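Each protein sequence line maps, in turn, to chains B and G. Take the position in the first sequence, starting the count at 1, then add 73; the result is the number in my numbering. Take the position in the second sequence, starting the count at 1, then add 73; the result is the number in my numbering. Idealized CB from N, CA, C, for every residue including glycine. Source: prediction; values computed, not measured.
There are 2 protein chains.
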Amino acid sequence: MRFTSETSSNGVREQLFTLGEIPGVLWTPDGATGTRPLVLMGHGGGQHKRAPGIVARAHRFVAGCGFAVVAVDAPAHGDRPKEQEYDRIATDNQARVAAGAELAPLIASFQALVARRTVPEWRAVLDAVQDLDQVGAGPVGYWGVSLGCGLGVPFVAAEPRVRAAVLGLGGALASAGSAARITVPVRFLVQWDDERVPRAQSLALFDAFGSAEKTLHANSGGHGEMPAFELDGDVRFFARQLG
Amino acid sequence: MRFTSETSSNGVREQLFTLGEIPGVLWTPDGATGTRPLVLMGHGGGQHKRAPGIVARAHRFVAGCGFAVVAVDAPAHGDRPKEQEYDRIATDNQARVAAGAELAPLIASFQALVARRTVPEWRAVLDAVQDLDQVGAGPVGYWGVSLGCGLGVPFVAAEPRVRAAVLGLGGALASAGSAARITVPVRFLVQWDDERVPRAQSLALFDAFGSAEKTLHANSGGHGEMPAFELDGDVRFFARQLG
Numbered sequence: 074m075r076f077t078s079e080t081s082s083n084g085v086r087e088q089l090f091t092l093g094e095i096p097g098v099l100w101t102p103d104g105a106t107g108t109r110p111l112v113l114m115g116h117g118g119g120q121h122k123r124a125p126g127i128v129a130r131a132h133r134f135v136a137g138c139g140f141a142v143v144a145v146d147a148p149a150h151g152d153r154p155k156e157q158e159y160d161r162i163a164t165d166n167q168a169r170v171a172a173g174a175e176l177a178p179l180i181a182s183f184q185a186l187v188a189r190r191t192v193p194e195w196r197a198v199l200d201a202v203q204d205l206d207q208v209g210a211g212p213v214g215y216w217g218v219s220l221g222c223g224l225g226v227p228f229v230a231a232e233p234r235v236r237a238a239v240l241g242l243g244g245a246l247a248s249a250g251s252a253a254r255i256t257v258p259v260r261f262l263v264q265w266d267d268e269r270v271p272r273a274q275s276l277a278l279f280d281a282f283g284s285a286e287k288t289l290h291a292n293s294g295g296h297g298e299m300p301a302f303e304l305d306g307d308v309r310f311f312a313r314q315l316g
Numbered sequence: 074m075r076f077t078s079e080t081s082s083n084g085v086r087e088q089l090f091t092l093g094e095i096p097g098v099l100w101t102p103d104g105a106t107g108t109r110p111l112v113l114m115g116h117g118g119g120q121h122k123r124a125p126g127i128v129a130r131a132h133r134f135v136a137g138c139g140f141a142v143v144a145v146d147a148p149a150h151g152d153r154p155k156e157q158e159y160d161r162i163a164t165d166n167q168a169r170v171a172a173g174a175e176l177a178p179l180i181a182s183f184q185a186l187v188a189r190r191t192v193p194e195w196r197a198v199l200d201a202v203q204d205l206d207q208v209g210a211g212p213v214g215y216w217g218v219s220l221g222c223g224l225g226v227p228f229v230a231a232e233p234r235v236r237a238a239v240l241g242l243g244g245a246l247a248s249a250g251s252a253a254r255i256t257v258p259v260r261f262l263v264q265w266d267d268e269r270v271p272r273a274q275s276l277a278l279f280d281a282f283g284s285a286e287k288t289l290h291a292n293s294g295g296h297g298e299m300p301a302f303e304l305d306g307d308v309r310f311f312a313r314q315l316g
C-alpha cells in the first residue's frame, strides 16, 4: 500500500493510495489514532472513487461518526485502464438493446463478471487498510448502490468482516444466490420509478437477503433521483450497527 | 365538544372528550396556547383511542415537536357501543375464512364500510379541535396503520386540511381509488412478512398513491412486529412536513 497524496478539509483527512494496481482513497478524522469502524464504499457505473456522491457520504460518516471510509476505483473506472473485454461487452449490449433486448439482464450479467475481480480486490483493500494504525480491525460496513450494489452483494456475502450493509438501486438477476448468503443487517434503497432496474427485480433482491434484520426504503423518482434525506438514514444505520 | 377529564404527565396534557357520540382524547403540550400543527391518529382493529401504541406516539409528537394530537374511538371500538351489523359481518367472515376464503378481501370490504362513517366523524373532530385556542387552524397530519390505514386512506383523500400522512400495514383492495386522489407527501410502512396483508396488495397501495413525494419503509417481520425505530422516522417526517 503506497500513499501518494494527502489533504484535509472540515476535519476530514483524505489520503490517495495505490494497492498494487488498485487506486484508492482513505478518509479518516484529522489526527485520528486507534481502531475505529470502517465503511467500504462502492461507486456507481461510470463513476469513480471520488465521485461527488461518494465524497459527500464519506465526509458524513467520518465527521459525523468518527469512522474511517475507503473507496477504490472499480476495474475500467476512474484512474484504472480501460478493459478491452468490457468495452466489447458494452458495445455488444448496446447493439442488443437497440435490437429490442431487455437492459436489466445485460447489466446484471456484466456486474457478475466484474464482481469476480472486485471481491478479491476489496478483501485485499480491507486487509491493507485495517493494518493502518488509524483504522485497525474494528467493525466493517459496506455502502454501495447501482454498480456498487451489483458488486457489493457478492462482496458482503463473501466477507465475514462486514457487519452491516447499505445496498440499493439493484436487482436480483445476478445476485439472488449471493444475497441469500447475506445474514447481516441490510438497509436497501429503492427508487420506485427506476428506469434501469425493474421494480420486481429490486423487490426480489430485498426478499432474497437472508438477513433477519432488513429494511427497504423506497422513494418516488428515477434511478438518479434518490432524495438527499436518505443519507441521514445511512448515517443513523451505520452509527447503530457499527458504532 | 365536552371535556370529561384532564391529566398531565411528562409535559403532555391529556384531555378526554366526547363530540356527540364520539369519545376522543386530545394531547397538547402543558400550558400550550396558540395555533400549532395537529396530528389525527387512527387506531388499529380491536384497539382504541388510548391503545399503548397510540399513546406512545402521541407523547413523542407532542413532547418532541410541540404538536397537538387527537384520537377517537372507531365505531364499535373502545368506549363505543357494539354494532350488531359489524358483529354479523365478523361472524360471517370467520365462517368464510374457515371455509377457505381469503382474509384480506374480507378485511378490506369491512374497512370500506366503516370508513363511510369515520370520514365524516373525523372531519367533525377536526372542526371541533381546531376551534380550540391551544390548537387552532394549523397544518394537519394523519397517522394510522392497519385499520387506521384502511380508514385513513379515504379520510386523507377527502380532507384537504391534511398536508401529510403516515399510513401502512394496509393493502389496495378497498382503497386504491381513494389512494389515487391523495397528493400530499406519504410515508408508508410495510411489514415484509405481514400475515394479514398480502405483500403485493401492500405494494399496490403504495403504488396507487397520487403523491409526487412518497416513501415506503419495509421491515422484516409480521403484522405486529414493526420496529420501534420507525417511530423516530414518523417524528422526523411530521416535523419536516408540518413543522
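Extent of the continuous alpha helix (DSSP H) to which residue i belongs
| i | result |
| --- | --- |
| B:A201 | 176-203 |
| G:F279 | 272-281 |
| G:L304 | 302-315 |
| G:V135 | 125-138 |
| G:V208 | G:V208 -> no alpha helix (DSSP H), and no H or E assigned at all. |
| B:S251 | 249-253 |
| G:E158 | 157-171 |
| B:G225 | 225-231 |
Chain G contact for residue i (CB, 9 Å cutoff)
| i | result |
| --- | --- |
| B:A291 | yes |
| B:P300 | yes |
| B:L242 | no |
| B:D280 | yes |
| B:L276 | yes |
| B:R236 | no |
| B:V263 | yes |
| B:G137 | no |
Partner residues on chain G for residue i, Cβ-Cβ distance less than 7 Å
| i | result |
| --- | --- |
| B:E286 | S293 |
Residue nearest to residue i in terms of C-alpha spacing, selected from the options
| i | options | result |
| --- | --- | --- |
| G:V239 | G:P96, G:A312, G:T77 | G:A312 |
| G:L89 | G:H296, G:L99, G:R161 | G:L99 |
| G:V213 | G:V142, G:F261, G:R269 | G:V142 |
| B:G283 | B:A291, B:P227, B:W265, B:D305 | B:P227 |
| B:G244 | B:A253, B:L278, B:L111, B:E87 | B:L278 |
| G:G107 | G:Q203, G:A131, G:M114 | G:Q203 |
| B:A147 | B:T77, B:A181, B:D103, B:L220 | B:L220 |
| B:R196 | B:Y215, B:G137, B:A185 | B:Y215 |
| B:P154 | B:H121, B:S275, B:R260 | B:H121 |
| B:V128 | B:G104, B:V85, B:G139, B:A163 | B:V85 |
| B:R75 | B:L92, B:S82, B:S81, B:N83 | B:L92 |
| G:R189 | G:G209, G:F302, G:S251 | G:S251 |
| G:G209 | G:R109, G:I95, G:A177, G:F261 | G:R109 |
| G:G223 | G:A253, G:V112, G:F183, G:A301 | G:F183 |
| G:F140 | G:V112, G:T164, G:P271, G:M299 | G:V112 |
| B:E79 | B:E94, B:I95, B:P102 | B:P102 |
| B:L262 | B:E94, B:A285, B:E298 | B:E298 |
| G:A181 | G:L205, G:S248, G:P233, G:H296 | G:S248 |
| B:G104 | B:G126, B:G119, B:V135 | B:V135 |
| G:G294 | G:F310, G:D267, G:L315, G:R309 | G:D267 |
| B:H87 | B:I95, B:L179, B:Q207, B:A174 | His is not the amino acid found at residue 87 of chain B; the sequence shown has Glu there. The shortest C-alpha separation from B:E87 is found at B:Q207. |
Endpoints, the beta strand (DSSP E) within which residue i is located
| i | result |
| --- | --- |
| B:T77 | 75-82 |
| G:H290 | 287-292 |
| G:Q264 | 259-264 |
| B:P96 | 95-102 |
| B:L113 | 111-115 |
| B:G214 | 213-218 |
| G:F90 | 85-92 |
| B:V239 | 235-241 |
| G:A144 | 141-145 |
Cutoff 9 Å: residue i Cβ touching any chain B Cβ
| i | result |
| --- | --- |
| G:R133 | no |
| G:R313 | yes |
| G:G297 | no |
| G:G306 | yes |
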